[in-house]
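*Asks:* The structure's right below; bear with me while I get my questions together.
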Amino acid sequence: RKEVEQDPGPFNVPEGATVAFNCTYSNSASQSFFWYRQDCRKEPKLLMSVYSSGNEDGRFTAQLNRASQYISLLIRDSKLSDSATYLCVVNTLYGNKLVFGAGTILRVKS
Amino acid sequence: NAGVTQTPKFQVLKTGQSMTLQCAQDMNHNSMYWYRQDPGMGLRLIYYSASEGTTDKGEVPNGYNVSRLNKREFSLRLESAAPSQTSVYFCASSEASGLRTNEKLFFGSGTQLSVL
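Structure (C-alpha cells):
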C-alpha cells in the first residue's frame with residue numbers, strides 16, 4: 001500500500017462549482033500535512049498546511065481526519081485559474097521525510 | 111528574490127555519461143533536498159541535507175551522489191546515467207533542521223533530464 005494515496009482524477013468541473021479531494025495516508029505517526037499546488041511543467045508550491053482543527057484560506061478549506069487517516073481539500077467557487085495538480089504531502093515527526101502523493105488533476109472549464 | 115535556483119533546465123544525456131545538477135538557495139535555509147518526479151508517481155526523495163556538511167539517503171538514492179558544498183549549494187551527480195533516470199528533478203529547501211518537522215518547502219523550477 002502506498003504511504004500517501006490520491007485519486008488521480010481528472011476532476012472536470014465548471015466554473016463556480018465546489019469540488020473536494022481526499023488523500024489517505026498509511027502512517028498513523030504522521031504529524032504534519034500539507035496541500036501543494038503544481039501547475040503544468042512548473043514546480044510545486046505550498047497551497048496550505050492542514051491543521052488538526054481544520055483551516056480555511058479564502059475559497060480553500062483543508063480538513064484532517066486522524067481516525068480515518070485522511071485529509072481533504074475543498075475548493076469553493078472554482079476559477080479557471082484553479083486548474084492544476086494538487087499534491088497531498090505528509091510528514092512524520094522524525095527524519096525530515098516528506099511523502100508526496102501522486103496528485104489529483106483539477107480542470108475547471110468555462 | 112531568486113529563492114531556489116537550479117541548473118540546467120533541460121539536459122539530454124547518452125547512457126553512461128555523467129553530469130551534475132546544480133542547486134543554490136539564497137534564503138539561508140538549513141535543509142536542502144533533491145526529488146525526482148515521474149508520471150503517475152509522487153515526488154520521490156533522492157537525497158537530502160539537514161544541515162551544512164551532512165547528507166542522507168532518501169527513498170531512491172541508487173545511481174546518485176550529492177554534495178552539500180556550503181549552506182547555499184547542494185548538487186546532485188549522476189555518475190553513469192541510465193534510461194531509468196529520465197525524469198524531472200527538483201531541488202528544494204526549507205528552514206527545518208535536525209529533527210524538527212518539515213516546514214514549507216521552496217522548490218526550484220526543475221530540470222528535465224532525458225537519458226537515451
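Chain order of the listed sequences is A and B. Taking my numbering, I'd label the letters of the first sequence as residues 1 to 110. Taking my numbering, I'd label the letters of the second sequence as residues 111 to 226. The beta carbon of each residue, even a glycine, is placed where N, CA and C say it ideally should be.
Please tell me whether residue 9 of chain A has its Cβ less than 8 Å away from any Cβ of chain B.
*Replies:* No, no contact with chain B.
*Asks:* In this structure, does DSSP put residue 194 of chain B in helix, strand or coil?
*Replies:* Correct three-state label for residue 194 of chain B: helix.
*Asks:* What's the call for residue 209 of chain B, buried or exposed, on a 16-neighbour Cβ count within 10 Å?
*Replies:* Residue placement at residue 209 of chain B is flagged as unreliable, the pLDDT there being 48, under the threshold of 50; the coordinate-derived value follows with that caveat. The residue in question, residue 209 of chain B, is exposed, as its Cβ has fewer than 16 Cβ neighbours within 10 Å.
*Asks:* Where residue 101 of chain A and residue 4 of chain A are concerned, what is the direct C-alpha to C-alpha distance, given to the nearest angstrom?
*Replies:* For residue 101 of chain A and residue 4 of chain A, the distance between alpha carbons rounds to 5 Å.
*Asks:* Counting only runs that start and end within the region 23-96 of chain A, where is the beta strand (DSSP E) found for 3 or more residues in a row?
*Replies:* The qualifying runs are 30-38, 44-50, 55-57, 60-65, 70-75, 84-92.
*Asks:* Going along chain A in order, which residues have a C-beta closer than 7 Å to the C-beta of residue 214 of chain B?
*Replies:* Within 7 Å Cβ-Cβ: 46.
*Asks:* Just verifying my parser: in three-state terms, what is the DSSP assignment at residue 12 of chain A?
*Replies:* In this structure, residue 12 of chain A counts as strand in the three-state DSSP scheme.
*Asks:* Taking only three categories from DSSP, how would you classify residue 175 of chain B?
*Replies:* Strand, per DSSP.
*Asks:* Taking the straight line between their C-alpha atoms, what separation do you get for residue 121 of chain B and residue 54 of chain A?
*Replies:* If you take the alpha carbons of residue 121 of chain B and residue 54 of chain A, they lie about 42 Å apart.
*Asks:* Would you say residue 106 of chain A reaches chain B, if we count a Cβ-Cβ gap shorter than 8 Å as a contact?
*Replies:* False, the Cβ-Cβ gap to chain B never drops below 8 Å.
*Asks:* Quick one: give me the first and last residue of the beta strand (DSSP E) that residue 134 of chain B is part of.
*Replies:* Counting along the chain, the beta strand (DSSP E) containing residue 134 of chain B begins and ends at 129-135.
*Asks:* By the three-class DSSP mapping on this structure, what secondary structure does residue 165 of chain B have?
*Replies:* Residue 165 of chain B: coil per DSSP, three-state reduction.
*Asks:* Any chance the region 79-94 of chain A sits against the region 13-30 of chain A, with 3 or more Cβ pairs inside 8 Å?
*Replies:* The region 79-94 of chain A, when compared against the region 13-30 of chain A, does touch it at the 8 Å Cβ threshold.
*Asks:* From this set, A/34, A/60, A/109, A/30, which residue's C-alpha is nearest residue 76 of chain A's C-alpha?
*Replies:* Taking only the C-alpha atoms, the option nearest residue 76 of chain A is A/60.
*Asks:* Measure from the C-beta of residue 126 of chain B to each C-beta in chain A and report whether the shortest distance is under 8 Å.
*Replies:* With 8 Å as the cut-off, residue 126 of chain B does not count as an interface residue toward chain A.
*Asks:* Flag this pair as yes or no: are the beta carbons of residue 169 of chain B and residue 154 of chain B separated by less than 8 Å?
*Replies:* For residue 169 of chain B and residue 154 of chain B, yes; Cβs fall inside 8 Å.
*Asks:* Strictly below 8 Å CB to CB, what residues from chain B border residue 84 of chain A?
*Replies:* Result: empty, since nearest Cβ-Cβ is about 14 Å, beyond 8 Å.
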